[in-house]
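Participant:
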Amino acid sequence: MQVVKYMFQPHGDDRGQLISLEEYNDIPFRIKRVYYMYDTVADVVRGHHAHKKLQQILVCVHGSCKIRLDNGKEKKVVALEKPYEGLYVSNNMWREMFDFSEDAVLMVFASEVYDESDYIRDYDEFLKFVREHPEEKKENEG
Ligand code: T46
């Protein structure tokens, strides 16, 4: 599995840093939704699902956390600890977010609006879906 991390360009000057993210330029899809999580309780693991269609870029804009990616064949853990790093997470990818620092803010840029029917929450169903949709391989599915 190839992990795709984007390094965003900070526009730094003597006042500090600023990052600007544009759809299609910095984010490889049209951004239809942005959400973020914060005040995550210690030792909590979020996620435990995949998506049929949704693509996302995850940015830990403050603090740190880890993301476990699983394409049904291989698993990888990616640390997010810089506000200028974005992790691309394709559809057909089981994901778990864990090891959040107390101050972590995890921001997500999503290619689709929220749609509960796009979620695959059962791991066996995910494995079946991946077997049946091999043509939907995206950048980090290896
Ligand atoms: C994903 C990972 C990285 C909404 O109403 N709208 C939204 O856009 C989202 C994302 C969630 N919700 C509601 C649904 C639940 O009642 O917020 C609650 C928590 O969502 P969920 O349990 O799905 O959160 P996570 O952290 O397990 O997963 C989220 C995204 O849902 C998911 O798409 O890839 O972050």
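To convert, take the position in the sequence shown, counting from 1, and add 1; that gives our numbering.
Even glycine gets a Cβ: it sits at the ideal position worked out from N, Cα and C.
#1: Short check: CB of C61 to CB of K77, under 9 Å?
#2: Quick check on the burial criterion: 16 or more other C-beta atoms within 10 angstroms. Buried or exposed for G118?
#3: Apply the 10 Å Cβ neighbour rule to L19 and answer buried if 16 or more other Cβ atoms are within range, or exposed otherwise.
#4: Whole angstroms are fine: how far does the CA of R16 sit from the CA of R122?
#5: Tell me which residue opens and which closes the beta strand (DSSP E) that D71 is part of.
#6: Apart from the five residues just before and just after F127, which ones in its own chain have a Cβ nearer than 7 Å to its Cβ?
#7: Give me the Cβ distance between G48 and M98, rounded to the nearest whole Å; I'm assuming they're in contact under 8 Å.
#8: Under a three-way DSSP split, which group does D152 fall into?
Facilitator: From the atom records:
#1: Counted from its first residue, the sequence shown places residue 61 at position 60. Counted from its first residue, the sequence shown places residue 77 at position 76. K77 is positioned such that its CB atom lies no closer than 9 Å to that of C61.
#2: Taking the sequence shown and counting its residues from 1, the one referred to as residue 118 is at position 117. The amino acid at residue 118 is misidentified as Gly; the sequence shows Ser. That one is exposed.
#3: Residue numbering aside, residue 19 sits at position 18 when the sequence shown is read from its first letter. The Cβ neighbour count for L19, taken over all protein chains shown within 10 Å, is under 16; the residue is labelled exposed.
#4: As a position in the sequence shown, residue 122 is number 121, starting the count at 1. As a position in the sequence shown, residue 16 is number 15, starting the count at 1. Using only the alpha carbons, I get a separation of about 44 Å.
#5: The sequence position of residue 71 within the sequence shown is 70, counting from 1. Start and end: C66 to D71.
#6: The residue you call residue 127 lines up with position 126 of the sequence shown. Closer than 7 Å at Cβ, skipping near neighbours: A51, G73, W95 and I121.
#7: Here residue 48 refers to the residue found at position 47 of the sequence shown. Here residue 98 refers to the residue found at position 97 of the sequence shown. The Cβ separation is near 5 Å, so the contact holds.
#8: As displayed, the chain neither begins before 2 nor continues past 143, which places residue 152 out of reach and without an answer.
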